[in-house]
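Asker:
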Amino acid sequence: MLSNHIKSLIERLDQTQKLIHKYRPLSPSILKRLHEQLVLEWTYNSNAIEGNSLTLRETQLVLKEGLTIGGKSLNEHLEAINHKEAIEFVEELASSKNPITEKDLKDIHAIILRKIDPKYAGRYRDVQVRITGSKHTPPEAIHLPELMKKFCHDTLTHFKGHPIIWAALAHFHFVSIHPFTDGNGRTARLLMNLILIKNGYPPAIILKNDRKRYYVALEKAHSLNNKTEDFIFFVGRSLERTLGLYMEVIPQIKDQLLTFSQASKLFPYSKDYLNVMARRGVIPAFKLKRNWVIFKTTLEEYHSKHEK
């Protein structure tokens, strides 16, 4: 049974997605610009979470200009190039009606570690691993073939539930198994977004700045015997940010949004109060770039409800 705050978040995400679809098709130039932005942000943040020191701008120069960045390792360059190629492969898989397979996961991983770790690229680990900073111990390597077959059967092929929950749980259970020696996090995030894209959503990009909250949500799920609500909520909020990027380029939607500074002048709530309520998930706000925003009609409904 899902909590009310998860249900309300998913309902809000679906309403936002429907609103965006209402104004489609977007112009090819807008779609191209959005896609390039998402690929760049996804690549930069996913690699940065794992310790890659390329900045967002440096990642862009590597991907778009093919430049070599002084003082950065070859592997860091390869991680950026490989991740972009992995996204392209994920987009191909998402356009297919075929179910996601175990081979697909190995192929994604093989792209991520191409020219970085030829021995283990696309192959399950044959050694025991530990997750840095986590109390969770992944299963022994001998059990991986059986566990991954079960994971693919139960989670990828026969899961019955909302796509956002499916994507979050696939991510969680995959990293719990930790089938590869390296690249598990990046593969898990690519898998999560493969499920989302396959079901008509944009990717949920987990930001480097949210790394601590991301790991805390995963660790909490591990320590509370797979109680994953906090992690599902975290993934949902990450998806909400991406939906916000789409709304920002649609004038008919953007004109309905208020920053918290603007909202504080129209409603009896301070910017600080709105910030706290947004971070707690009490009000359905989301971030566009660095600013929290909320639909004016949503805040009107909130005000009307709480003034009674």
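In this text, residue positions in the sequence shown follow the working numbering: the first is 5, and each later residue adds one.
Beta carbons are placed, not taken as given, at the ideal position from N, Cα and C, and that holds for glycine.
1. Check whether the segment 99-112 touches the segment 152-160, counting contact only when three or more Cβ pairs, one atom from each stretch, lie closer than 8 Å.
2. Distance, Cα to Cα, V297 vs Q266?
3. Apart from the five residues just before and just after L42, which ones in its own chain have a Cβ nearer than 8 Å to its Cβ?
4. In or out: S77 buried (at least 16 other Cβ within 10 Å) or exposed?
5. Are I85 and G189 close, meaning C-beta to C-beta below 8 Å?
6. Go through its chain and collect everything with a Cβ distance to N197's Cβ below 6 Å, but skip five positions before and after it.
7. Short check: CB of H87 to CB of I116, under 8 Å?
8. Which of the three DSSP states is assigned to T263 in this structure?
9. Quick check: the Cα distance between N102 and P167, rounded to an integer number of angstroms?
10. Using DSSP bridges, identify the partner residues of N295.
11. Do E80 and N49 count as a contact pair if the criterion is CB distance below 8 Å?
12. What residues in its chain sit with their C-beta under 6 Å from that of K202, if we drop five residues either side in the sequence?
13. Would you say T232 and F163 are within 8 Å of each other, going by their C-beta atoms?
14. Can you give me the C-alpha to C-alpha distance between K291 and I73, rounded to a whole angstrom?
15. On the CB-based measure, 16 or more other CB atoms within 10 Å of its CB, does N8 come out buried or exposed?
16. Between which two residues does the alpha helix (DSSP H) harbouring E89 extend?
17. Cα separation between E252 and E144?
18. Could you have a look at K119 and say whether DSSP puts it in helix, strand or coil?
19. Measuring CB to CB, does L262 end up less than 8 Å from L303?
20. I need the straight-line Cα distance from S33 to H147, nearest angstrom please.
21. I'd like to check one pair, R217 with F238: are the Cβ atoms closer than 8 Å?
22. Which runs of the beta strand (DSSP E) fall wholly inside the segment 221-269 and span at least 3 residues, in chain order?
23. For S7, does the three-state DSSP call read helix, strand or coil?
24. What's the call for Q19, buried or exposed, on a 16-neighbour Cβ count within 10 Å?
25. Does the ligand FAD have even one heavy atom less than 7 Å from the beta-carbon of Y205?
26. Please classify G70 as buried or exposed, where buried requires at least 16 other C-beta atoms within 10 Å of its C-beta.
27. Output the boundary residues of the alpha helix (DSSP H) element that contains A208.
28. Nearest to H310 by alpha carbon, out of T136, P272, H226 and G165?
29. From which residue to which residue does the alpha helix (DSSP H) around R283 run?
30. Have a look at F264, D186 and G240 and flag the residue whose alpha-carbon is nearest the alpha-carbon of D276.
31. Under the rule that 16 or more other beta-carbon atoms within 10 Å means buried, what is E92, buried or exposed?
32. What's the C-alpha gap between P255 and R61?
Answerer: Put simply:
1. yes
2. As a first step, residue 297 is located in the sequence shown; it is residue number 293 there, counting from the start. As a first step, residue 266 is located in the sequence shown; it is residue number 262 there, counting from the start. Whole-angstrom Cα-Cα distance: 9 Å.
3. Numbered from its first residue, the sequence shown carries residue 42 at position 38. The answer, listed in chain order, is P206, P207, I209, T246 and L249.
4. Counting from 1 along the sequence shown, the entry for residue 77 is found at position 73. Looking at its Cβ environment, which holds fewer than 16 other Cβ atoms inside 10 Å, S77 is exposed.
5. As a first step, residue 85 must be located in the sequence shown, where it is residue number 81. As a first step, residue 189 must be located in the sequence shown, where it is residue number 185. No; because the gap between Cβ atoms is not below 8 Å, this pair is not in contact.
6. Looking up residue 197 in the sequence shown gives position 193. Once the five neighbours on either side are set aside, the close Cβ partners of N197 are P207.
7. As a first step, residue 87 is located in the sequence shown; it is residue number 83 there, counting from the start. As a first step, residue 116 is located in the sequence shown; it is residue number 112 there, counting from the start. Result yes, Cβ atoms of H87 and I116 sit closer than 8 Å.
8. Within the sequence shown, the letter at position 259 stands for residue 263. Strand, per DSSP.
9. For the purposes of this step, residue 102 is identified with residue 98 of the sequence shown, where counting begins at 1. For the purposes of this step, residue 167 is identified with residue 163 of the sequence shown, where counting begins at 1. Distance between the alpha carbons of N102 and P167 is about 16 Å.
10. The residue labelled residue 295 in the question sits at position 291 within the sequence shown. Answer by DSSP bridge pairing, in chain order: L292.
11. On the sequence shown, position 45 is the one that residue 49 refers to. On the sequence shown, position 76 is the one that residue 80 refers to. Result no, Cβ atoms of N49 and E80 do not sit closer than 8 Å.
12. By one-based count along the sequence shown, residue 202 stands at place 198. If we look at K202 and ignore the five residues flanking it on each side, its Cβ neighbours are A98.
13. Here residue 232 is taken as the residue at index 228 of the sequence shown, counted from 1. Here residue 163 is taken as the residue at index 159 of the sequence shown, counted from 1. Their beta carbons are not under 8 Å apart, which means T232 does not touch F163 by this criterion.
14. Looking up residue 291 in the sequence shown gives position 287. Looking up residue 73 in the sequence shown gives position 69. Near 31 Å, if we compare the C-alpha coordinates of I73 and K291.
15. One-based indexing of the sequence shown puts residue 8 at position 4. By the neighbour-count rule (16 or more Cβ atoms within 10 Å), N8 is not buried but exposed.
16. Taking the sequence shown and counting its residues from 1, one reaches residue 89 at position 85. Taken as a continuous stretch (DSSP letters only), the alpha helix (DSSP H) holding E89 covers L78 to S99.
17. Against the sequence shown, residue 252 aligns to sequence position 248. Against the sequence shown, residue 144 aligns to sequence position 140. Taking the straight line joining both Cα atoms gives about 46 Å.
18. To locate residue 119, count along the sequence shown from 1; it is residue 115. K119 falls in the coil class under three-state DSSP.
19. For the purposes of this step, residue 262 is identified with residue 258 of the sequence shown, where counting begins at 1. For the purposes of this step, residue 303 is identified with residue 299 of the sequence shown, where counting begins at 1. For L262 and L303, yes; Cβs fall inside 8 Å.
20. As a first step, residue 33 must be located in the sequence shown, where it is residue number 29. As a first step, residue 147 must be located in the sequence shown, where it is residue number 143. The straight-line gap from Cα to Cα measures roughly 48 Å.
21. Taking the first residue of the sequence shown as position 1, residue 238 is located at position 234. Taking the first residue of the sequence shown as position 1, residue 217 is located at position 213. For F238 and R217, yes; Cβs fall inside 8 Å.
22. 261-263
23. Taking the sequence shown and counting its residues from 1, the one referred to as residue 7 is at position 3. In the structure shown, S7 sits in coil (DSSP, three-state: anything other than H, G, I, E or B).
24. Taking the first residue of the sequence shown as 1, we reach residue 19 at position 15. The residue is exposed, with fewer than 16 neighbouring Cβ atoms inside 10 Å.
25. For the structure depicted, the ligand FAD is absent and the ligand set is empty, with no information on it obtainable.
26. Indexing the sequence shown from 1 puts residue 70 at position 66. Exposed, because fewer than 16 other Cβ atoms sit within 10 Å of the Cβ of G70.
27. If you number the sequence shown from 1, residue 208 lands on position 204. Premise fails: A208 is in no alpha helix (DSSP H) and is neither H nor E.
28. Your numbering for residue 310 matches position 306 in the sequence shown. Per the Cα distances, P272.
29. In the sequence shown, counting from the first residue as 1, residue 283 sits at position 279. First-last of the alpha helix (DSSP H) with R283: K275 to R283.
30. If you number the sequence shown from 1, residue 276 lands on position 272. The candidate whose alpha carbon is nearest that of D276 is F264.
31. Here residue 92 corresponds to residue number 88 of the sequence shown, with the count starting at 1. Exposed is the call here.
32. Looking up residue 255 in the sequence shown gives position 251. Looking up residue 61 in the sequence shown gives position 57. Their backbone Cα atoms lie some 27 Å apart in a straight line.
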